[in-house]
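Student: Structure in structure tokens, see below.
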């Protein structure tokens, strides 16, 4: 199969690529900005997508979520790890050659304590440089899913990092500022031209990128402006101020569809929205109950779970664009089954009985921490939850704040009750377990830790028997679902609004891929 056929590029598009590229500027927006330009600091969807235009990984996924080569052209398991053959002739934006030294440095950096990718690559014990264009990622045992774990582990220029004193990732939770937060030097299709956080990020086409000709994109410049106000985002699209909105308000989709020159694309997303409860603390800092923790009682957790009407949230808050669920990972991820995915039945009467049985007939108070610029209708979801839990006596104070302030509270475990969404780029439950369920998971602010689940999380990193590994995953989910550290709400549906002059392939990971975007004259 030719490289063109692999991407499904038509001859007509190839003709456009072969001709001199037009000066196409792609102007787009969403409700929140990337948190940082440091590629190893934050494992957060918009941040990964933004930095992924500048940096590249060894392997990547296309819009169909199929694994594809990027800075590695081939990979295979070998004794003690995986061998990767690197792409030759690649240069960083600063002009430096890309070599195996940069791969070794980047993986060591991604394993640093301040990295948000350390769970993802902790199975890599070392990087052996075979020659300038070949590396072996040494592992602590057979790792059948390692290539799937690398799709967002971006490669940095080791010399640039040393020059600018960014040998370790930014400590985002500590609000550290480093050179890599606002500057970048990758190998990707676009070069960072300017960065004003929460205002404007500009990128220009990397004319020397190895992929032009293989990919159809004709964008010459990218301008990204975050617009937090939903009505203003829609107005910007309707007026032609922007060409693309990643997250148009769900209630305005029909209006966008009806507007001349605009269109809407939708697809089910591999992202689940849920509530986390701090069940590990001796007492909740925000609660009127002192000396004990209501969330430590599984009856309270179950009561809150079944007191939340997920179908009503789907119907009223999400305009029908969500799928209520009973687990915190989506269809398409190994471990999700129709049985596990079935939502817990809404039952306010049973919920009240469980609260009384647990010793809280009059309920208790607690603060719900919620982002207001990250997920589809995130604050509105939280507002609905507040009203529903009030009916069983749980007095919830809502604190809705921007994601840049919300996420550090989770990572530092400074929250009692919180909303979070989680995508799964590996399409494997190990990713969910290692970050959200394992006792030492960096995004597990619930305090939940189950010895058997922790054991399984470690075991499936090296288990090569597919049937045995799947059985272990299903066992872990059975435990997690019975112990309920999280309240699953729904799986998101992606809706993109754009000019009809824009051809942008939409994928279930909600990642905009400008290398594929074609803008008509």
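In mature numbering (1 follows the signal peptide of the UniProt record, and there is no 0), the protein residues as written are -23 to -1, 1 to 498.
Think of the CB as a built atom: it goes at the ideal place given N, C-alpha and C, for glycine as much as any other residue.
1. What would DSSP say about residue 14, mapped onto helix, strand or coil?
2. Quick test of your reading: residue 195 and residue 495, contact by CB under 8 angstroms. State the CB separation rounded to the nearest angstrom.
3. Throw me the rounded Cβ distance for the residue 96 and residue 412 pair, which I believe falls under 8 angstroms.
4. Once DSSP output is grouped into helix, strand and coil, what is the label at residue 141?
5. What does DSSP give as the partner residues of residue 344 in its beta bridges?
6. Tell me whether residue 115 sits in a helix, a strand or coil according to DSSP, three-state version.
7. If you reduce the DSSP assignment to three classes, tell me which class residue 83 lands in.
8. Per DSSP, what kind of secondary structure is residue 499 in: helix, strand or coil?
9. State the start and end residues of the unbroken alpha helix (DSSP H) segment that holds residue 429.
10. Buried or exposed for residue 135, going by 16 or more other Cβ atoms inside 10 Å?
11. Could you check what DSSP says for residue -2 in three-state terms: helix, strand or coil?
12. For residue 471, which three-state DSSP category applies?
13. Going along the chain, which residues of its own chain have a beta-carbon closer than 7 angstroms to the beta-carbon of residue 328, five neighbours each way excluded?
14. Using 10 angstroms around the beta-carbon of residue 269, count the other beta-carbons present and answer buried if the total reaches 16, otherwise exposed.
15. Between which residues of its own chain and residue 415 is the CB-CB distance below 6 angstroms, once the five residues before and five after are set aside?
16. Using DSSP's beta-bridge definition, name the partner residues of residue 311.
17. My understanding is that residue 181 touches residue 167, with C-beta atoms under 8 angstroms, so please give their C-beta distance in whole angstroms.
18. Can you tell me which of 402, 13 and 371 puts its alpha carbon nearest to the alpha carbon of residue 172?
19. Would you kindly work out how many angstroms separate the C-alpha atoms of residue 41 and residue 247, rounded to a whole number?
20. Answer with buried or exposed for residue 45, where buried requires no fewer than 16 other C-beta atoms within 10 angstroms of its C-beta.
Tutor: So, to answer that:
1. Locating residue 14 in the chain shown gives position 37, where the first residue counts as 1. When DSSP states are grouped into helix, strand and coil, residue 14 belongs to the coil group.
2. Taking the first residue of the chain shown as position 1, residue 195 is located at position 218. Taking the first residue of the chain shown as position 1, residue 495 is located at position 518. With 8 angstroms as the limit, residue 195 and residue 495 qualify as a contact, their Cβ atoms being about 5 angstroms apart.
3. Here residue 96 refers to the residue found at position 119 of the chain shown. Here residue 412 refers to the residue found at position 435 of the chain shown. Going by Cβ atoms, the distance from residue 96 to residue 412 rounds to 6 angstroms, so yes, they are a contact pair.
4. The residue labelled residue 141 in the question sits at position 164 within the chain shown. Shown here, residue 141 sits in coil according to DSSP, grouped into three states, outside any helix or strand.
5. Position 367 of the chain shown, counted from the first residue, corresponds to residue 344. Residue 344 pairs with 374.
6. Here residue 115 corresponds to residue number 138 of the chain shown, with the count starting at 1. Strand at residue 115.
7. Here residue 83 is taken as the residue at index 106 of the chain shown, counted from 1. Helix at residue 83.
8. Residue 499 lies beyond the residue range present for the chain, which begins at -23 and ends at 498; the question has no answer from this structure.
9. Position 452 of the chain shown holds residue 429. Element bounds for residue 429: 428 to 436.
10. Your numbering for residue 135 matches position 158 in the chain shown. A residue is called buried when at least 16 other Cβ atoms come within 10 angstroms of its Cβ; residue 135 meets this threshold and is buried.
11. Working through the chain shown from its first residue, we reach residue -2 at position 22. Annotation note: pLDDT 45 at residue -2 (below 50); position unreliable, no value reported.
12. Residue mapping note: residue 471 aligns to position 494 of the chain shown, counting from 1. In the structure shown, residue 471 sits in a strand (DSSP, three-state: E or B).
13. Stepping through the chain shown from its first residue, residue 328 is reached at position 351. 280, 283, 284 and 369, listed in sequence order.
14. As a first step, residue 269 is located in the chain shown; it is residue number 292 there, counting from the start. With fewer than 16 Cβ atoms within 10 Å of its Cβ, residue 269 is classed as exposed.
15. The sequence position of residue 415 within the chain shown is 438, counting from 1. The answer, listed in chain order, is 431 and 434.
16. Locating residue 311 in the chain shown gives position 334, where the first residue counts as 1. Note: residue 311 sits in a beta bridge opposite 405.
17. On the chain shown, residue 181 is found 204 positions in, with the first residue counted as 1. On the chain shown, residue 167 is found 190 positions in, with the first residue counted as 1. Right, the Cβ-Cβ distance comes to about 7 angstroms (below 8 angstroms), so this counts as a contact.
18. Translated into positions along the chain shown, residue 172 becomes position 195. For the residues 402, 13 and 371, the minimum Cα distance to residue 172 belongs to 13.
19. Position 64 of the chain shown, counting from 1, holds the residue named residue 41. Position 270 of the chain shown, counting from 1, holds the residue named residue 247. Their Cα atoms are separated by approximately 12 angstroms.
20. By 1-based counting over the chain shown, the position of residue 45 is 68. Residue 45 is exposed by the Cβ-count criterion.
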